[in-house]
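Peer 1: Sending over a structure as structure tokens; questions will come in a sec.
Protein chains in written order, with this note's numbering: chain A, 1 to 112; chain B, 1001 to 1115.
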């Protein structure tokens, strides 16, 4: 089964609304990465989080790593049509044999 | 730099046919991997390599072979194509892992249909 659970699977928001996607694991993670895939494109790296409780920002995007290093979130403030795509988390853990395991992704659609 | 390149972009096979998906990178990355992407399943790791001459299995290796004779190239072979292998295939590369995975650079993908 899926080792990294990502929710929601799909979200459709009005332009200007906020958006959040969550990743959860039952095991302690070494690090977590976030990727964006535009429709018809390939995944593109956004950021990596390593430290417990870490928070990083990229313009309207805020990334958090949980204190227990078992969950993470990506929050987009005031979505724009350019934010459309699928957002993936990807994590490594000693329990995964240090392989990079991807979540199923959250598809974001933005209504203008 | 061309980054990660994949050929072909599209391919249609008949059940039982074999073929090789090509992947090359010019960033001198030690780590290379193959993923397949299916709706609702995310990206699932097929095989990966931590350096020339070293390969290992991922989550879904059955029906696929790989080899890594050079740092640059990491071809994926489908031995006897099945409809269940209809998918989009991505190759990715990165620098060697130190503590957890490094930033993955993905190729443009190969869209494969098996009839």
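Using N, Cα and C, we set each Cβ at its ideal position, and we do this for glycine too.
Suppose only complete runs of 3+ residues qualify. What are the beta strand (DSSP E) ranges in the stretch 1028-1069 of chain B, listed by chain order?
Peer 2: Within the stretch 1028-1069 of chain B, the complete beta strand (DSSP E) runs of at least 3 residues are 1031-1038, 1042-1051, 1054-1057 and 1064-1066.
Peer 1: In three-state terms, what does DSSP make of residue 82(A)?
Peer 2: Stepping through the first chain from its first residue, residue 82(A) is reached at position 82. Residue 82(A): helix per DSSP, three-state reduction.
Peer 1: List the DSSP bridge partners of residue 5(A).
Peer 2: Walking along the first chain from the start, residue 5(A) turns up at place 5. Beta-bridge pairing links residue 5(A) to 24(A).
Peer 1: Residues bridged to residue 1111(B) by DSSP?
Peer 2: Counted from its first residue, the second chain places residue 1111(B) at position 111. According to DSSP, residue 1111(B) bridges with 1010(B) and 1088(B).
Peer 1: Cutting at 6 Å between CB atoms, please list the residues of its own chain near residue 10(A), excluding the five before and the five after it.
Peer 2: Position 10 of the first chain, counting from 1, holds the residue named residue 10(A). 107.
Peer 1: Quick one: which residues of the stretch 51-66 of chain A get their C-beta closer than 7 Å to a C-beta of chain B? List them in chain order.
Peer 2: Cβ contacts with chain B: none found.
Peer 1: Consult DSSP for residue 35(A) and reduce its assignment to one of helix, strand or coil.
Peer 2: Position 35 of the first chain, counted from the first residue, corresponds to residue 35(A). Correct three-state label for residue 35(A): strand.
Peer 1: Hey, would you say residue 1101(B) sits closer than 8 Å to residue 24(A), going by beta carbons?
Peer 2: Position 101 of the second chain, counting from 1, holds the residue named residue 1101(B). Position 24 of the first chain, counting from 1, holds the residue named residue 24(A). Against a cut-off of 8 Å, the Cβ pair of residue 24(A) and residue 1101(B) comes out as no contact.
Peer 1: Which first and last residues belong to the beta strand (DSSP E) in which residue 71(A) is found?
Peer 2: On the first chain, residue 71(A) is found 71 positions in, with the first residue counted as 1. From DSSP, the beta strand (DSSP E) with residue 71(A) extends over 71-76.
Peer 1: Helix, strand or coil for residue 1095(B), going by three-state DSSP, please let me know.
Peer 2: As a first step, residue 1095(B) is located in the second chain; it is residue number 95 there, counting from the start. In the structure shown, residue 1095(B) sits in coil (DSSP, three-state: anything other than H, G, I, E or B).
Peer 1: List the residues that DSSP assigns as beta-bridge partners of residue 1076(B).
Peer 2: Position 76 of the second chain holds residue 1076(B). Answer is 1021(B) and 1066(B).
Peer 1: Determine whether the beta carbon atoms of residue 1076(B) and residue 1034(B) lie at a separation below 8 Å.
Peer 2: Within the second chain, residue 1076(B) is the residue found at index 76, counting from 1. Within the second chain, residue 1034(B) is the residue found at index 34, counting from 1. In contact: residue 1076(B) and residue 1034(B) (Cβ atoms closer than 8 Å).
Peer 1: Please decide whether residue 1043(B) counts as near chain A, where near means a Cβ-Cβ distance under 8 Å.
Peer 2: Taking the second chain and counting its residues from 1, one reaches residue 1043(B) at position 43. Cβ-Cβ to chain A under 8 Å: yes for residue 1043(B).
Peer 1: Short of 6 Å in beta carbon distance, which residues of its chain neighbour residue 1060(B), apart from the five on each side in sequence? Order them along the chain.
Peer 2: For the purposes of this step, residue 1060(B) is taken as residue 60 along the second chain, with counting starting at 1. Cβ neighbours of residue 1060(B) beyond the five flanking positions: 1044 and 1046.
Peer 1: With 16 other CB atoms within 10 Å as the buried threshold, where does residue 1051(B) fall?
Peer 2: Translated into positions along the second chain, residue 1051(B) becomes position 51. With fewer than 16 other Cβ atoms within 10 Å, it is exposed.
Peer 1: What does the Cβ neighbour count give for residue 58(A), buried or exposed, with the cut at 16 atoms within 10 Å?
Peer 2: The residue given as residue 58(A) occupies position 58 in the first chain. Under this definition residue 58(A) is an exposed residue.
Peer 1: List the residues of chain B whose Cβ lies closer than 8 Å to the Cβ of residue 92(A), in chain order.
Peer 2: Position 92 of the first chain, counted from the start, is the residue given in the question as residue 92(A). Per Cβ cutoff of 8 Å: 1097, 1100 and 1101.
Peer 1: Any Cβ of chain A within less than 8 Å of the Cβ of residue 1048(B)?
Peer 2: As a position in the second chain, residue 1048(B) is number 48, starting the count at 1. It does: the Cβ of residue 1048(B) has a partner Cβ on chain A nearer than 8 Å.
Peer 1: At a cut of 8 Å, does the stretch 1100-1115 of chain B reach the stretch 45-54 of chain A through at least three beta carbon pairs?
Peer 2: A contact exists between the stretch 1100-1115 of chain B and the stretch 45-54 of chain A.
Peer 1: What does the alpha-carbon distance come out to for the pair residue 1067(B) and residue 1018(B)?
Peer 2: For this step, residue 1067(B) is matched to residue 67 along the second chain. For this step, residue 1018(B) is matched to residue 18 along the second chain. Rounded to whole angstroms, residue 1067(B) to residue 1018(B) spans 16 Å at the Cα level.
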